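In order, the protein sequences belong to chains R and Z.
Residues in the first sequence are numbered consecutively from 1, following my numbering.
Residues in the second sequence are numbered consecutively from 356, following my numbering.
Presented below is the structure to which this report refers.
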Amino acid sequence: MDKNKNNKERMLVKGNEAIAIGALDAGVECYFAYPITPQSDIPEYLSRELVKVGGKFLQAESEIASINMVLGAGACGKRAMTSSSSPGISLKQEGISYMAASEIPGVIVNITRGGPGLGGIQPSQGDYFQATRGGGHGDYRTMVLAPSTCQECYDLTIAAFDLAFKYRNPVLILGDAILGQMKEPITRWKERTINPNEGNEWKLTGKKGRKQRILKSLYLGDGEMEAHNLKLWKKYKSMEQDIKWEEFLVDDAEVVAVAFGSIGRIAKSSARKLREKGYKVGVFRPITLFPFPYKPLRKLAMAGKRFITIENNTGQMVEDVKLALCGITDTEFFANMPGKVSTPEDFIEPIKKMF
Amino acid sequence: MSEVLEKQVFSLPKSLKDVPTHFCPGCHHGIIHRLVAQTIDDLKLQDISICVGSVGCSVFIYDYIDVDTLEAPHGRAPAVATGIKRARPENFVFAYQGDGDLAAIGLSEIIHCANRGERVSIVFVNNTVYGMTGGQMAPTTLVGQKTTTTPYGRSSSNEGYPLKMAEMLASLEGTAFSARVAVNNIKNIIKTKKALKKAFMAQIEDVGFGFVEVLSACPTNWHLTPLEAIERIEKEMIKYFPLGIYKDKLGDKK
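This is the structure:
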């Protein structure tokens, strides 16, 4: 670790560690999780570091218990977090649904691995549908942030906590095995701060001096569930004000590759290589996967670009891309099977075919 | 002319809401709610309590007990309570769970919560049946007992044996207090109150995990009258689920 002239720490860390460091600096107070590859660096790092700053670390007996501990700590207005990988995230879905329903903030990290089933520990983007469509039972959404660099792992983890409390909703960070395990330098720009007044209007503290507070998701009364769903739906719509995306060399591009996360950054390398050969290629990289940046992508369609969607799965985000394009034009799709580690060369031929 | 001075000896606990009950006639939830509320009052815990509700008939605890409450997913109350207690150790944290919730789908959560010695208190209502869903077999359903999913009676060869939670949890190091009580008569109600106080004190005095199993009637799903249901507790349930204190580290301490 060394400090540059702005007194900001530069560190060489894994993506997983960058997430853990981001959580520390974001003021995470409680972290509960269960070991699973390829994300175990996060609990290992926080088991060492969180207790040093007065936070609570607990390795839970199961994925299910850990998300429910987050539910409990989040209900107390604490910045709480859990992390896991694909099969573990499946187990957490019940708790995430309850958090969304009871409007309890929390950050959930999914460093995805290949599936289905036990799958393997190689990279995959196979959990896109699960992440962006709620994931558990009921008509809810979680905000989804997809970093593509270790710096973004750090930055977006900090953003995730702020967004979770802004919307009183779980926020999911969707990384993958490539991102979790690779090392890059990051700038640690934020100092850990904790706002003890966060959630003062709703959090459970004991009823001293006020009326009883109930955080729940059971609505049996006539019209209650309908009203609750309407309220949640309006909230999910309002999240559109926080959409994030990156446009890379799109201004003069004839073909735009749409890709997220680690595939997004690999696609950028492909675009650079293709430009050396005279092909005008750009990359559109959604950073919030929910809400999806439909409008910015539609704008590019209206400007006459052609599109190819590239994913490390058999075609999930491509459905959102099609929704964004709204029939103005279509998108080609290039699939890397879950388990394959892609290189920039892998995308060159499929993009070239577009010319 | 003599003046009769009346002294009120029985009133609504401060922590119990003055609302009509929605529970079935003869259901024991109401008695247990009252005892929990009285204990909260006696120990002056209302202002600092955070309750965890569970899934089943027990879920409506927040409609009756006037403390901050969070609703847990089915079986997860001990994990949720753990999260709350770790986040706010200054609060008094208790969960109120039924037998399906605690001893079937939530068995892992309760065992690990107790084993960690979480400073939380759990009130476990055992009526040997899934009440809210209409009377199916519970993990505590007695052998031979007919339910909607054991129409010929629970068979030990097919469904195994009813779980004895108070004994099981007493065997764990983290458990400071574990008892089984009943609310079928005045004597047992008084014992229940004492057990609740001990389980709560285990948390307050930072000794460990506190657990009270309360044998409780469900006349509706037992297809008995309220009085017959009370008789069943004495004649059938207590025989298999003996009442008593199975662990008391508070006693050791004093």
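The beta-carbon is built from N, C-alpha and C at its ideal position, and this holds for glycine as well.
Quick caveat: nothing in here was measured; it's all calculated off a predicted structure.
Notebook entry, point to check: Hey, out of Z:G606, Z:V374, Z:V569, whose CA is closest to K553 (chain Z)'s CA?
Noted result: Z:G606
Notebook entry, point to check: Does DSSP put N481 (chain Z) in a helix, a strand or coil?
Noted result: strand
Next item on the list: Report yes or no: do the region 395 to 407 of chain Z and the region 36 to 45 of chain R share at least 3 C-beta pairs separated by less than 8 Å?
Entry: no
Next item on the list: Output, in sequence order along the chain, the residues in the region 387 to 404 of chain Z whose CB is closer than 9 Å to any CB in chain R.
Entry: L400, Q401, D402, I403, S404
Notebook entry, point to check: Expressed to the nearest angstrom, what Euclidean distance is found between the alpha-carbon atoms of M492 (chain Z) and A33 (chain R)?
Noted result: 33 Å
Item checked: Below-8 Å beta-carbon distance, F32 (chain R) vs any chain Z residue -> yes
Checklist line | Within 9 Å of chain Z by C-beta, residues of the region 60 to 86 of chain R in sequence order | finding: Those residues of the region 60 to 86 of chain R that come within reach of chain Z (Cβ to Cβ, closer than 9 Å) are A60, E61, S62, I64, A65, S66, I67, N68, M69, V70, L71, G72, A73, G74, A75, C76, G77, K78, A80.
Check: Got a sec: is the Cβ-Cβ distance from Q130 (chain R) to anything in chain Z below 8 Å?
Finding: no
Notebook entry, point to check: How long is the line joining the alpha carbons of R141 (chain R) and I89 (chain R), rounded to whole angstroms?
Noted result: The alpha-carbon atoms of R141 (chain R) and I89 (chain R) are separated by roughly 15 Å.
Margin query: For a minimum of 4 consecutive residues, which ranges assigned as the alpha helix (DSSP H) are wholly contained in the region 218 to 282 of chain R?
Written below: The region 218 to 282 of chain R contains these whole alpha helix (DSSP H) runs: 224 to 238, 261 to 276.
Notebook entry, point to check: Under three-state DSSP, which class holds T530 (chain Z)?
Noted result: Three-state result, T530 (chain Z): strand.
Next item on the list: Would you verify that the beta carbon of L425 (chain Z) is, or is not, closer than 8 Å to some beta carbon of chain R?
Entry: L425 (chain Z) belongs to the set of residues whose beta carbon lies under 8 Å from a beta carbon in chain R.
Item checked: Contact check, G175 (chain R) vs T132 (chain R), beta carbons under 8 Å -> no
Note to self: For W577 (chain Z), count the other beta carbons within 10 Å of its own beta carbon; 16 or more makes it buried, fewer makes it exposed. Which is it?
What the structure shows: buried
Next item on the list: Check whether the region 382 to 390 of chain Z touches the region 407 to 420 of chain Z, taking contact to mean three or more Cβ pairs, one atom from each stretch, closer than 8 Å.
Entry: Contact between the region 382 to 390 of chain Z and the region 407 to 420 of chain Z is present, because at least three Cβ pairs lie under 8 Å.
Checklist line | Buried or exposed (CB count within 10 angstroms, at least 16 for buried), L367 (chain Z) | finding: exposed
Checklist line | beta strand (DSSP E) runs wholly inside the region 400 to 472 of chain Z, at least 3 long, in chain order | finding: 404 to 408, 423 to 426, 447 to 453
Margin query: Nearest by alpha-carbon distance to Q125 (chain R): which of R:A160, R:N169, R:T309, R:P350 is it?
Written below: R:T309
Check: Where does G223 (chain R) land, buried or exposed, given buried means 16+ other C-beta within 10 angstroms?
Finding: Taking all protein chains shown into account, G223 (chain R) has fewer than 16 neighbouring C-beta atoms within 10 Å of its C-beta and is therefore exposed.
Item checked: Residue range of the alpha helix (DSSP H) that includes G175 (chain R) -> Not the alpha helix (DSSP H): G175 (chain R) falls in the beta strand (DSSP E), residues 170 to 176.
Checklist line | chain Z contact for L274 (chain R) (CB, 8 Å cutoff) | finding: no
Next item on the list: Excluding the 5 residues preceding and the 5 following A80 (chain R) in the sequence, name in chain order all residues of the same chain whose CB lies nearer than 6 Å to its CB.
Entry: C30, V70, A73, G74, G106
Notebook entry, point to check: Beta-carbon separation of L409 (chain R) and P185 (chain R) under 8 Å?
Noted result: Outside the modelled stretch of chain R, which goes from 1 to 355, sits residue 409 (chain R), for which no answer is possible.
Margin query: Between P428 (chain Z) and chain R, is any beta-carbon pair separated by less than 8 Å?
Written below: yes
Note to self: Residues in the same chain with beta-carbon distance under 7 Å from K546 (chain Z), minus the five sequence neighbours each way, listed in chain order, please.
What the structure shows: V536
Check: Do the region 255 to 262 of chain R and the region 293 to 312 of chain R meet, that is, are 3 or more Cβ pairs less than 8 Å apart?
Finding: yes
Checklist line | N110 (chain R) vs S85 (chain R) beta-carbon contact at 8 Å | finding: yes
Check: Can you find a CB in chain R that lies within less than 8 Å of the CB of D421 (chain Z)?
Finding: yes
Next item on the list: Give a yes or no on whether the minimum CB-CB distance between N576 (chain Z) and chain R is below 8 Å.
Entry: no
Next item on the list: With distances taken Cα to Cα, identify the nearest neighbour of P291 (chain R) among R:K277, R:E191, R:Y128.
Entry: Comparing Cα positions, the closest option is R:Y128.
Notebook entry, point to check: Are there 16 or more other CB atoms within 10 angstroms of the CB of Y516 (chain Z), so buried, or fewer, so exposed?
Noted result: exposed
Item checked: Backbone CA spacing between A100 (chain R) and E94 (chain R) [nearest angstrom] -> 10 Å
Check: Which partner residues does N195 (chain R) have in the DSSP bridge list?
Finding: Per DSSP, none; premise fails for N195 (chain R).
Check: Shorter than 8 Å from the beta carbon of M592 (chain Z) to some beta carbon of chain R?
Finding: It does not: the Cβ of M592 (chain Z) has no partner Cβ on chain R nearer than 8 Å.
Notebook entry, point to check: How far does the alpha helix (DSSP H) with Q558 (chain Z) in it reach, from first residue to last?
Noted result: 541 to 559
Check: Counting along the chain, where does the beta strand (DSSP E) carrying N312 (chain R) start and finish?
Finding: Careful: N312 (chain R) lies outside any beta strand (DSSP E) and carries neither H nor E.
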